[in-house]
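A quick write-up on the structure given underneath.
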Amino acid sequence: MSQSKRKQQEKNSATSQFGSQVQDRPRPDEIEDDSPILKFKDFSIFYDDFEAIKNLTVDIPRGEVTAIIGPSGCGKSTLLNAVNRMTDLIPGCHIEGKMELNKEDVFATGMDVIWLRRRVGMVFQKPNPFPKSIYDNVAYGPKLHGKRNGDALDEIVERSLKEAALWEEVKDRLKANAMSLSGGQQQRLCIARALAIKPHMVLLDEPTSALDPKSTSHIETLLGQIRGQYTVIIVTHNMQQAARVSDYTLFLFEGEMIEFNRTADLFVNPDKKQTEEYITGRFG
Ligand SMILES: Nc1ncnc2c1ncn2[C@@H]1O[C@H](COP(=O)(O)OP(=O)(O)OP(=O)(O)O)[C@@H](O)[C@H]1O
Ligand SMILES: [Mg+2]
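Numbering (my numbering), first residue to last: 968 to 1251.
See the structure below:
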């Protein structure tokens, strides 16, 4: 058994209290080694002359949850948006350096952005379901990518809603409009929609900041479930949440990476004084 598979199984058994629905599935990217999924090398992002991300060099581990923390305006969303090239849509925004997803140069000329966005799912702070049925929200991506068979679609919808810990609440009303769900349910639906296309990684930008504690706890539970299967990057302002849900934490300050470390180490024994001051609430 490969080291990564063993690690995955250990994690799954550790999260079995959540009744994980994803235990025996191969990773969506079908890469079983421990190579980093995402590599940044001297990577900078500019809005015109303003350098929002400064010379970032870091490897994001595969199959793990990485939290990005840092004060408002430090570049967290900018960095996340660059991963699936949403930054292309912003006039004046350009990048320097390199970012590789599964060894593919994301900003190379000729990179197929549709291919990229199939591999990188994104969930935003404010739930944004389509004004369609619950079923159609989840089936939307797979249909767009050519899946037409009703049974296969049913299966994808069920699997994704289970992974997003929403199935039990909606299985009897899949044809109801997604707008009839609560905010917390809508956010889990958006996560199900992101998972339905079997992305290689999922990016979550403050996914729970608009939610109540119960819905937040649902989302944290589902992060526990998909851990080990999907690579997740989550931006959060909530230190306890970062500590609870992530394996690794990246601390950004004014566009610069101050520290990247295992979450347990970063929160208990940070390398940098600046990290310590931030996590203890002394600045930011
Ligand atoms: N479209 C844009 N054009 C110009 N500057 C921008 C744009 N978007 C963001 N910025 C600037 O880039 C910097 C980083 O912004 P970003 O939104 O990435 O921060 P953030 O860490 O996500 O903050 P928050 O925690 O408040 O969401 C800020 O100084 C911001 O003003
Ligand atoms: Mg932001």
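Glycine included, C-beta positions come from ideal geometry on N, C-alpha and C.
Around the beta carbon of Lys1138, a 10 Å sphere encloses fewer than 16 other beta carbons of the protein chains shown; the residue is thus reported as exposed. Annotation note: the segment 1129 to 1215 contains the following uninterrupted beta strand (DSSP E) runs of length 3 or greater, listed N- to C-terminal: 1168 to 1172 and 1198 to 1202.
When distances are taken from the beta-carbon of Asp1055 to the heavy atoms of ligand 1, even the shortest one reaches 8 Å or more. Between Glu1221 and the set Ile998, Lys1021, Asp1009 and Asp1000, the nearest pair of CA atoms involves Lys1021.
Segment contact: the segment 1121 to 1135 against the segment 1079 to 1094, fewer than three CB-CB distances shorter than 8 Å; contact not assigned. By the 16-neighbour rule on beta-carbons within 10 angstroms, Arg1249 is exposed. Going by DSSP, Thr1230 is part of the alpha helix (DSSP H) stretching over Thr1230 to Val1235. With contacts defined by Cβ atoms closer than 9 Å, Gly1151 and Ser1182 form a contacting pair. For Val1202, the distance from the CB to the nearest heavy atom of ligand 1 is below 8 Å. In the DSSP annotation of this structure, the continuous segment of the alpha helix (DSSP H) that includes Gly1108 starts and ends at Ile1101 to Leu1111.
DSSP lists Ile1201 and Thr1216 as the bridge partner or partners of Ala1034. A distance filter of 5 Å between CB atoms and the heavy atoms of ligand 1 selects the following residues in sequence order: Tyr1014, Ala1019, Ser1039, Gly1040, Cys1041, Gly1042, Lys1043, Ser1044, Thr1045 and Ile1057.
The segment 1022 to 1033 and the segment 1187 to 1202 touch, with three or more beta-carbon pairs separated by less than 8 Å.
Counting other Cβ atoms within 10 Å of its Cβ, Thr1045 reaches 16 or more and is therefore classed as buried.
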